[in-house]
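Undergrad:
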Amino acid sequence: MKLRIVTDQHLIREIINGDEIAFRHLVEEYSKQVFHICYAIVHNQDDADDLSQDVFIEVFRSISRFRSDARLSTWIYRIAVNKSLNFLRKRKRQSWIQSFGDLISFQQTEEERTTENLSKNELRALRLHEAIDSLPENQRSAFLLHKLNDLSQPEIAEIIGTTVKGVESLIHRAKINLQKKIITYYKNDEW
Amino acid sequence: MVTAGFLNSYCQRNKQSKMDCNKFQARIIFLHDEELTENEKKEMMEHMKGCADCTMAFAALSEALSILAQEKEILPNPYLFSKIKTRLNSASPDKRPTKTVFARLQPTIFILLLIISVYTGTSLGHSFSKQIEIQSYTDEIALYINEMQTEPLENFLLEQ
Chain D
3 MKLRIVTDQH LIREIINGDE IAFRHLVEEY SKQVFHICYA IVHNQDDADD
53 LSQDVFIEVF RSISRFRSDA RLSTWIYRIA VNKSLNFLRK RKRQSWIQSF
103 GDLISFQQTE EERTTENLSK NELRALRLHE AIDSLPENQR SAFLLHKLND
153 LSQPEIAEII GTTVKGVESL IHRAKINLQK KIITYYKNDE W
Chain L
28 MVTAGFLNSY CQRNKQSKMD CNKFQARIIF LHDEELTENE KKEMMEHMKG
78 CADCTMAFAA LSEALSILAQ EKEILPNPYL FSKIKTRLNS ASPDKRPTKT
128 VFARLQPTIF ILLLIISVYT GTSLGHSFSK QIEIQSYTDE IALYINEMQT
178 EPLENFLLEQ
């Protein structure tokens with residue numbers, strides 16, 4: 003396949019006109035970043051893969067409504083963040099129902115079942131994900147976009163809909179909260 | 028023998044070092060991310076040299092952040108585009124709204140069913156308790172009739 007260097011506007015026009023090569027180009031261009039955004043938020047490769055598909059399907063279906071005053075990348079990343087956060091909210095509701103069921107039937111909770119057979123490294127990754135998940139949504143998104151996706155503060159500000167100063171403050175607070183959590187795990191011998 | 032002066036100075040030193048540790052542990056992540064001034068960095072490195080606990084805390088935090096760095100290496104599915112294409116070809120867009128409407132109505136239907144079942148249960152319970160009352164009343168009457176020496180009908184015929 004011949005790859006072309008194209009502008010966002012040109013790419014959008016081609017996709018709206020039904021050009022499959024243009025859409026493939028868009029997927030290839032942004033798949034890595036979109037996957038990493040989803041993975042950073044949901045911490046599971048299969049879920050991140052499914053979410054990446056959902057993101058590009060949404061992009062394909064609504065690209066005609068894209069306003070050209072924003073950057074295409076920012077718009078796609080915003081869809082990825084929203085889809086991942088919605089997925090987490092849904093999973094939280096389901097796990098609440100599940101844990102309520104476990105409580106009634108006196109079974110082990112999901113966490114007890116998961117942590118029992120983990121290696122030290124896996125347990126540390128789980129603790130880190132717990133610490134990240136405990137951050138408020140805005141702090142979590144800003145921190146992960148900065149740390150895992152290497153996005154600039156103005157880009158993050160555009161994605162989560164705040165100011166650059168706001169992003170700076172969110173990242174700072176996220177770091178302090180994360181640090182507090184990890185040191186607590188370390189002090190309680192849970193690390 | 029431990030003197031009061033020694034204890035006092037020991038506590039003072041301990042208190043001082045505890046404060047330093049708190050200050051250190053509040054800024055580990057910024058040391059790791061190299062977001063401190065040269066002076067602050069030097070001060071923290073000095074503290075780490077004499078404090079095993081803070082060195083271990085720094086190691087724990089560095090380890091946590093390295094897990095995040097490793098996650099950057101995970102790559103998306105190489106067949107992502109094919110999967111998207113398959114889903115786009117097979118999905119019917121008009122299916123979605125029906126599902127959403129049903130999903131929205133689900134809690135309402137659940138609450139309605141709950142109210143109906145509670146109401147039915149309560150009314151069934153009421154009618155059952157009334158039946159018991161009527162039953163016990165008729166039992167009482169039957170008892171009186173059985174306990175009579177002569178039947179009222181016999182008395183009536185005799186009188187005539």
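If you're matching them up, the sequences are chains D and L in order.
Numbering of the first sequence is given in the numbering used here, commencing with residue 3 and proceeding in unit increments.
Numbering of the second sequence is given in the numbering used here, commencing with residue 28 and proceeding in unit increments.
Heads up, the beta-carbon is just placed ideally off N, CA and C, and yes, glycines get one too.
(1) Under a Cβ-count criterion, where at least 16 other Cβ atoms within 10 Å of its own Cβ denotes burial, should L74 (chain D) be classed as buried or exposed?
(2) By alpha-carbon positions, which one of D:Q11, D:A24, D:H27 and D:H38 ends up nearest to D152 (chain D)?
(3) Can you check whether the C-beta of I59 (chain D) is within less than 9 Å of a C-beta belonging to chain L?
(4) If you draw a straight line from the C-alpha of A24 (chain D) to the C-alpha of L128 (chain D), how long is it?
(5) By how many angstroms is the C-alpha of K99 (chain L) removed from the C-alpha of S70 (chain D)?
(6) Decide if the region 158-167 of chain D is in contact with the region 53-71 of chain D; the criterion is three or more beta carbon pairs, one per stretch, under 8 Å apart.
(7) For K99 (chain L), return the contacting residues in chain D, with the cut-off set at a CB-CB distance below 8 Å.
(8) Could you tell me which of D:V29, D:T76, D:S66 and D:R67 sits nearest to D56 (chain D), measuring between CA atoms?
(9) So, is the C-beta of K177 (chain D) closer than 9 Å to a C-beta in chain L?
(10) Skipping 5 residues on each side, what residues in its chain have a beta carbon closer than 8 Å to that of K42 (chain L)?
(11) Would you say W77 (chain D) reaches chain L, if we count a Cβ-Cβ gap shorter than 9 Å as a contact?
(12) Let's test the definition: count the other Cβ atoms within 10 Å of the Cβ of V128 (chain L) and tell me whether it reaches 16, buried, or not, exposed.
(13) Determine the burial state of I159 (chain L): buried for a count of at least 16 other Cβ atoms within 10 Å of its Cβ, exposed for fewer.
(14) Looking at the unbroken alpha helix (DSSP H) that takes in D152 (chain D), where does it start and where does it end?
(15) What do you get for I143 (chain L), buried or exposed, if any count of 16 or more other CB atoms within 10 angstroms of its CB means buried?
(16) Output the boundary residues of the alpha helix (DSSP H) element that contains E132 (chain D).
(17) Helix, strand or coil, according to DSSP, for G168 (chain D) in the structure here?
(18) Look at the alpha carbon of F58 (chain D) and the alpha carbon of N49 (chain L), and state the distance between them as a whole number of angstroms.
(19) From the DSSP output, in three-state form, read off T9 (chain D) for me.
(20) Whole angstroms is fine: what's the gap from A144 (chain D)'s alpha carbon to Q35 (chain D)'s?
(21) Beta-carbon of V166 (chain D) versus every beta-carbon of chain L: anything under 9 Å?
(22) Are there three or more Cβ pairs, one per stretch, closer than 8 Å when the region 47-55 of chain D is compared with the region 103-112 of chain L?
(23) Just the chain D side, please: which residues come within less than 7 Å of P131 (chain L) by C-beta, in chain order?
(24) Please compile the residues from chain D whose C-beta is within a distance smaller than 7 Å of the C-beta of E90 (chain L).
(25) Which residue spans inside the region 64-99 of chain D form an unbroken beta strand (DSSP E) run of at least 3?
(26) Since I believe L130 (chain D) is in contact with I94 (chain L) (beta carbons under 8 Å), could you give me their beta-carbon distance rounded to a whole number of angstroms?
(27) Quick one: measure Cβ to Cβ for L58 (chain L) and M71 (chain L), integer angstroms, because I've assumed they're closer than 8 Å.
(28) Our contact map puts S97 (chain D) next to C40 (chain D) with C-beta atoms below 8 Å; I'd like the distance itself, whole angstroms only.
(29) May I have the straight-line CA-CA distance separating H153 (chain L) from V145 (chain L), to the nearest angstrom?
(30) Hey, how far is the Cα of I185 (chain D) from the Cα of C81 (chain L)?
(31) Does the CB of L90 (chain D) have a neighbour CB from chain L at under 9 Å?
(32) Report the three-state DSSP secondary structure of E192 (chain D) (helix, strand or coil).
(33) Using a Cβ-Cβ distance under 9 Å, would A50 (chain D) count as near chain L?
(34) Around the C-beta of R142 (chain D), are 16 or more other C-beta atoms found within 10 angstroms, so that it is buried, or is it exposed?
TA: The structure says:
(1) Classification of L74 (chain D): buried, given that the 10 Å Cβ count is 16 or more.
(2) Of the candidates D:Q11, D:A24, D:H27 and D:H38, the residue whose Cα lies closest to the Cα of D152 (chain D) is D:H38.
(3) Among the residues facing chain L, I59 (chain D) is included, as its CB has a counterpart in that chain under 9 Å away.
(4) Here the alpha carbon of A24 (chain D) sits roughly 39 Å from the alpha carbon of L128 (chain D).
(5) Looking at the two C-alpha atoms, the distance is approximately 30 Å.
(6) Proximity of the region 158-167 of chain D to the region 53-71 of chain D falls short of the contact definition, fewer than three beta-carbon pairs being nearer than 8 Å.
(7) The contacting residues are H38 and L150.
(8) Closest option to D56 (chain D), Cα to Cα, is D:V29.
(9) With 9 Å as the cut-off, K177 (chain D) counts as an interface residue toward chain L.
(10) Low per-residue confidence applies at K42 (chain L): pLDDT is 48, beneath 50, and the placement is therefore not dependable, though the value from the model is reported in the following sentence. So the list is empty, once near-sequence residues are dropped.
(11) By this cut-off, W77 (chain D) is not an interface position.
(12) V128 (chain L) is exposed by the Cβ-count criterion.
(13) Taking every protein chain shown into account, the CB of I159 (chain L) has fewer than 16 other CB atoms within 10 angstroms, so this residue is exposed.
(14) According to the DSSP assignment, D152 (chain D) belongs to no alpha helix (DSSP H), since it is labelled neither H nor E.
(15) Exposed: under 16 other Cβ atoms inside 10 Å.
(16) Element bounds for E132 (chain D): K122 to D135.
(17) In the three-state scheme derived from DSSP, where H, G and I count as helix and E and B as strand, G168 (chain D) is classed as helix.
(18) CA-to-CA, the gap between F58 (chain D) and N49 (chain L) works out to about 46 Å.
(19) The answer is coil: DSSP assigns T9 (chain D) none of H, G, I, E or B.
(20) Between the C-alpha atoms of A144 (chain D) and Q35 (chain D) there is a straight-line separation of about 15 Å.
(21) Chain L, which has no Cβ nearer than 9 Å to the Cβ of V166 (chain D), makes this no.
(22) Contact between the region 47-55 of chain D and the region 103-112 of chain L is present, because at least three Cβ pairs lie under 8 Å.
(23) Before going further, note that residue 131 (chain L) is Arg rather than Pro in the sequence given. Chain order gives no chain D residues near R131 (chain L), where near means a beta carbon separation below 7 Å; the closest approach is about 14 Å.
(24) Here the neighbours are R126.
(25) The beta strand (DSSP E) runs lying completely inside the region 64-99 of chain D and spanning 3 residues or more number zero.
(26) Contact holds; Cβ gap of about 5 Å.
(27) The Cβ separation is near 5 Å, so the contact holds.
(28) Going by Cβ atoms, the distance from S97 (chain D) to C40 (chain D) rounds to 19 Å, so no, they are not a contact pair.
(29) Straight-line Cα distance between these residues: approximately 12 Å.
(30) Using only the alpha carbons, I get a separation of about 10 Å.
(31) No, L90 (chain D) lies away from the interface with chain L (no Cβ there is under 9 Å from its Cβ).
(32) Coil.
(33) For A50 (chain D), at least one C-beta of chain L is nearer than 9 Å to its own C-beta.
(34) By the neighbour-count definition (other C-beta atoms within 10 Å, threshold 16), R142 (chain D) is a buried residue.
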